[in-house]
Amino acid sequence: KAGVTQTPRYLIKTRGQQVTLSCSPISGHRSVSWYQQTPGQGLQFLFEYFSETQRNKGNFPGRFSGRQFSNSRSEMNVSTLELGDSALYLCASSFSGTGYGYTFGSGTRLTVV
Amino acid sequence: AQTVTQSQPEMSVQEAETVTLSCTYDTSESDYYLFWYKQPPSRQMILVIRQEAYKQQNATENRFSVNFQKAAKSFSLKISDSQLGDAAMYFCAYRINNAGNMLTFGGGTRLMVKP
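Chains A and B are the protein sequences, given in the same order.
In case it helps, the working numbering puts the first sequence at residues -1 to 111.
In case it helps, the working numbering puts the second sequence at residues 29 to 143.
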């Protein structure tokens, strides 16, 4: 059974650009959550999508957005990149809102220069 | 707001010995879950153990066990017979039940295992 797949694994972008990260959940999982991990702020929740609807949202500026497709794959987008957006972005999927089988991917390491 | 605090940035243990990682949390909710996750250099967060707040019995998974003190809002992880493969970052996390999949994490504890 394939795990949670995040692409790309590494990404370098220039300040001011935008970026799109992808997360393919485990087959059958309908919930996808995103987290940002930085040395200074630690792990912070970005948002959760369930059946194509945003269900929860963390305290991040509007430059951070996401969406979920009908096949449960999710993308997150960061516009007008800032140096502080350099981080490891993790996604996690689950079958439902109960967290059953909550599984993380290996993340995308984004570096903004 | 819910907060999770891990007061030990780094811990060290001798192989085969026992180590305890500390975690405290603050919440006004009564129905929640607590977790310990391990993050090795591969970056993937791996679930070590989970505890339902309504259960008084402490969770155990092989060499890993927790000491859950609900009144004190304390949730420590004990690793017995430490192995080299246990070396990693460990994160304590909290989730409110029936509120979706949103985890609040502590700052993490780096565990080093000495051979």
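C-beta atoms are modelled at their ideal positions from N, C-alpha and C, and glycine is treated no differently.
Because the structure is a prediction, the values reported are computed rather than measured.
Are the C-beta of residue i and some C-beta of chain B separated by less than 8 Å?
| i | result |
| --- | --- |
| Gly38(A) | no |
| Ser92(A) | yes |
| Arg53(A) | yes |
| Gly60(A) | no |
| Tyr100(A) | yes |
| Gly26(A) | no |
| Leu9(A) | no |
| Glu73(A) | no |
From which residue to which residue does the beta strand (DSSP E) around residue i run?
| i | result |
| --- | --- |
| Tyr53(B) | Thr52 to Asp54 |
| Phe92(B) | Phe92 to Gln97 |
| Thr106(A) | Thr106 to Val110 |
| Ser40(B) | Glu38 to Gln42 |
| Thr51(A) | Thr51 to Lys55 |
| Gln79(B) | Ile74 to Glu80 |
| Val2(A) | Element bounds for Val2(A): n/a, residue is neither H nor E. |
So, with DSSP's three-state summary, where would you put residue i?
| i | result |
| --- | --- |
| Gly38(A) | coil |
| Gly64(A) | strand |
| Leu9(A) | strand |
| Leu112(B) | helix |
| Leu81(A) | helix |
| Ser104(B) | strand |
| Phe58(A) | coil |
| Leu62(B) | strand |
Take residue i and list the residues in its own chain whose beta-carbon comes closer than 8 Å to its own, dropping the five residues that flank it on each side.
| i | result |
| --- | --- |
| Asn86(B) | Gln79, Ser93, Val94, Asn95 and Phe96 |
| Met39(B) | Val47, Leu49, Thr137, Arg138, Leu139 and Met140 |
Beta-carbon of residue i versus every beta-carbon of chain A: anything under 8 Å?
| i | result |
| --- | --- |
| Arg138(B) | no |
| Leu131(B) | yes |
| Met73(B) | yes |
| Phe119(B) | yes |
| Phe113(B) | Contrary to the premise, residue 113(B) reads as Gly rather than Phe in this sequence. Cβ-Cβ to chain A under 8 Å: no for Gly113(B). |
What does a CB cutoff of less than 7 Å around residue i pick up in its chain, not counting 5 residues either side in sequence?
| i | result |
| --- | --- |
| Val76(A) | Gln16, Val17, Arg61, Phe62 and Asp83 |
| Tyr100(A) | Ala90 and Ser92 |
Anyone know if the C-beta pair for residue i and residue j falls short of 8 Å?
| i | j | result |
| --- | --- | --- |
| Arg28(A) | Leu81(A) | no |
| Phe43(A) | Gly56(A) | yes |
| Ile107(B) | Glu57(B) | no |
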